[in-house]
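Residue numbering for the sequence shown follows the working numbering, beginning at 226 and increasing consecutively. Note that CB positions come from ideal geometry on N, CA and C, so glycine has one too. For reference, the structure discussed in these notes is given below.
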Amino acid sequence: MAEKKYESKDIVVLDGLDAVRLRPGMYIGTTSNRGYHHILWEIVDNAIDEISNGFGDTIHITLNTDGSATVEDNGRGIPVDVHPTLKKSGVEVVYTTLHAGGKFNNENYKFSGGLHGVGASVTNALSRWCNVTVNKDGKQYFVEFHSFEDENGKIHSGIPVAPLRQIGTSTTTGTKVTFLPDDRVFGEQEFSFETIVKRARELAFLNKGLRIVVDDSRTNDHSDFHYEGGIKDFVAYMVEGKNALFKTPLYIAAESKVVSLEVSFVSTDSYTENTFSYVNNIPTTEGGMHEIGFKSAFTKVFNDYARENNLLKEKEANLLGEDFREGLVTVINVKMSNVQFEGQTKTKLGNPEARTEVEALTIAELTNLLADKKNATYAEVIIEKAKQAAKVRLAAKKAKEYARAKNGAENFNLVGKLASSTSKDKTKSELFIVEGDSAGGSAKQGRDRRYQAILPLRGKPLNAEKKRIDQVLANEEIRTIISALDTGFGEDFDLSSLRYNKIIILSDADVDGFHIRAILCTFFYRYMRQLITEGHVFVGLPPLYKVYKKDYEKYVYSDAELAEAVASAGKGYMIQRYKGLGEMNPEQLWETTMDPEHRTLIQVTIEDAAEAERMITTLMGDNIEERKAYINEHANFDRVDTFMRDYKKV
Ligand code: TSJ
């Protein structure tokens, strides 16, 4: 893009967009890599809205070599006629007015994606430049927006270089947008093909029939997603590598004045429940009203079916929702207007009407589905499995009561491996969970024993996702952690009993270390969530290198810092590369990773933990080879894991 000369007569400062520049976080949450991709999704969402409403079927996303991204659809093309009061083309209105666009007008779009809901103007405001080509009515139109610096050095963005104009003719229809995120907002960042592909696949699953093609011109990577089965294919994809108990997932869909709903589910021989819900294509990780409505309908319909078909005797109690959902993989896809998000990560649907609507629609559709004799075996499989789950649930409850009655006496044994701290001051105390006995040994010797307790983990703690709660308890590593923390877990979790103010995970910068961090985060997320929400969980960053020579020594924690350290060392330096914590002696481990004065900790946020959990449950399945391949590909060993992109250093 050639830089244009601006003259003052061209300058029309757009107050709205200046506000976005001033406080990008208010509009896109963060200017980290997540925010960087967010402005791409704002554009893609607009194209999806068009396609969901029946206009066009394909979206192309291209990552260009100059760092910009292009999004193109084959819809009707953004309106180009001049807006009667704003006196600008529809395209310019969409791009220069906060919250402008067809999506806020329910006549054009029935259930608008609305999504994060800030619109294309925010992308424009946070881009160095942005251009739009519209093919419509046999013509091709073009408009370009630019940022520029005024005489006071203030940056204004999203200014049209010239009004929208016709640049040619066309035999197709559609909209094509190219933009370059502004490095003055985001710093040096780039689009991640992997991140984009992951979300593109999800969007293709959630929008049946939609085709999304992703091309990376930087690497020539290419992906193409299109699912005629929609979320039914999504469920099938998620149970690949698990043992599904039906040939294909079941599927229901219904619409009312308030919501449009589709649900697909399949039963597996696993013991955990996995429910993935979405509202307007946004993952509702924390669930909410739609999930509650679905779950209560599901429980009711299956209990009723069991009674009517004599699968539950009169004297037997109703089965619980959790019994029915054991091993069940479900995707719930809701579209509705005026969504309200709540919860710690704003991923919980708050609208009360979603509960009643989803419940009523599910009861009707599911009853209908089960009334079909062809589906009888599916119902029987689910009910049989639920009865089994109820039995285990009652047995586990008894076992737990028994263990509690015996109190802590034998718990003492479990903490045999724990080297506890001596001070009674809980506010300063720290528990290091250390990968491997050798690093554990160094940590025990190197630590400040007043405040630092060490728990070495031998081998891998089990995958908290895979196992039922009684099996989680059966794992020695997990039991050791639970008894060391002293808080209880699950419903019995009590934060006030926590023995340590900081829980610090120390694991290697390799595949196993990545896996251990993900598993521990998933375990805390599932069974001790408050530890994370109250900010008690951290990941310690060990150094990757030591640069040294006579009278000089510097530890380096990332590849980026290495060059700097080498430069300051001058001639004759040596580099030691640390492959694992076990290679450091006690003093080194203390100095680099444990000493509160010098160490770097990353606080695990609820988003990180949710991402770790999602990653483990959606992407890794039970197939160990697949899991290894996934980890190999995605763990970013230089600094932090993929699920900790937006890390907060403390
Ligand atoms: F983000 C965006 F706004 F720049 C954008 C919009 C980006 C991309 C890639 C596509 C789109 C977009 C918008 N695709 N299709 C549309 N459609 C309309 O804006 C549209 C077209 C016709 C009518 C009509 O009533 O005739 C109404 C609308 C909202």
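- Burial state of I607 is buried, judged by a 10 Å Cβ sphere holding 16 or more other Cβ atoms.
- Contact check between the segment 582-600 and the segment 504-521: three or more CB pairs, one atom from each, fall below 8 Å, which counts as touching.
- Cα atoms of K538 and A531: separation of roughly 9 Å, rounded to the nearest angstrom.
- With 16 or more neighbouring CB atoms inside 10 Å of its own CB, I703 falls in the buried class.
- R436 has T283 and H451 as its beta-bridge partners, per DSSP.
- When the five nearest sequence neighbours on each side are left out, the beta carbons in the same chain lying within less than 8 Å of the beta carbon of I456 are those of F430, L431, K433, Y476, E487, V488, S489, V556 and N558, in order along the chain.
- A distance criterion of 7 Å places the beta-carbon of E297 in contact range of the ligand TSJ, judged by its closest non-hydrogen atom.
- G302 has its Cβ nearer than 7 Å to a heavy atom of the ligand TSJ.
- Within its own chain, the residues whose Cβ lies closer than 7 Å to the Cβ of I380, once the five positions on either side in sequence are excluded, are R246, S372, E374 and R409, listed in chain order.
- For Y773, the uninterrupted beta strand (DSSP E) segment begins and ends at Y770 to K774.
- In this structure, the straight-line span from the alpha carbon of K612 to that of L544 is close to 7 Å.
- In this structure L389 is not in contact with S293, their Cβ atoms being roughly 20 Å apart against a cut-off of 8 Å.
- The count of Cβ pairs closer than 8 Å, one atom from the segment 830-838 and one from the segment 746-754, reaches three, so the stretches are in contact.
- If you draw a straight line from the Cα of N356 to the Cα of E267, it comes to about 15 Å.
- Proximity of the segment 795-810 to the segment 766-779 meets the contact definition, three or more beta-carbon pairs being nearer than 8 Å.
- Straight-line measurement puts the Cα of T321 at about 30 Å from the Cα of R443.
- As summarised for the segment 774-814, the continuous alpha helix (DSSP H) elements at least 4 residues long and confined to that stretch are 784-794 and 811-814, given in chain order.
- The bridge partners DSSP lists for N360 are Q365 and G399.
- Residue P249 holds the alpha-carbon nearest to the alpha-carbon of I264 among P249, D274 and S277.
- Secondary structure at V504: strand, using DSSP grouped into helix, strand and coil.
- DSSP places L242 within a helical segment (H, G or I) once states are collapsed to three.
- By the 16-neighbour rule on beta-carbons within 10 angstroms, D274 is buried.
- At least 8 Å separates the beta-carbon of S395 from that of A350.
- Boundaries of the beta strand (DSSP E) harbouring M561: L553 to M561, taken from the DSSP string.
- Going by DSSP, E832 is part of the alpha helix (DSSP H) stretching over I831 to R839.
- Beta-bridge partners of A734 (DSSP): none assigned.
- DSSP places I477 in the uninterrupted beta strand (DSSP E) bounded by L475 to E480.
- Taken in chain order, the complete beta strand (DSSP E) segments of 3 or more residues contained in the segment 250-311 are 283-288 and 294-298.
- By the Cβ rule, the segment 417-426 counts as touching the segment 272-288, because three or more pairs are nearer than 8 Å.
- The segment 458-465 and the segment 294-312 do not touch, with fewer than 3 CB-CB distances between them shorter than 8 Å.
- Secondary structure at E567: strand, using DSSP grouped into helix, strand and coil.
- L619 sits away from A479, with the two beta carbons spaced by 8 Å or more.
- Under the three-state reduction of DSSP output, G546 falls in the helix class.
- Just so you know, the alpha carbons of I706 and T358 end up roughly 58 Å apart.
- In this structure, DSSP gives P681 an extended state, which the three-state scheme calls strand.
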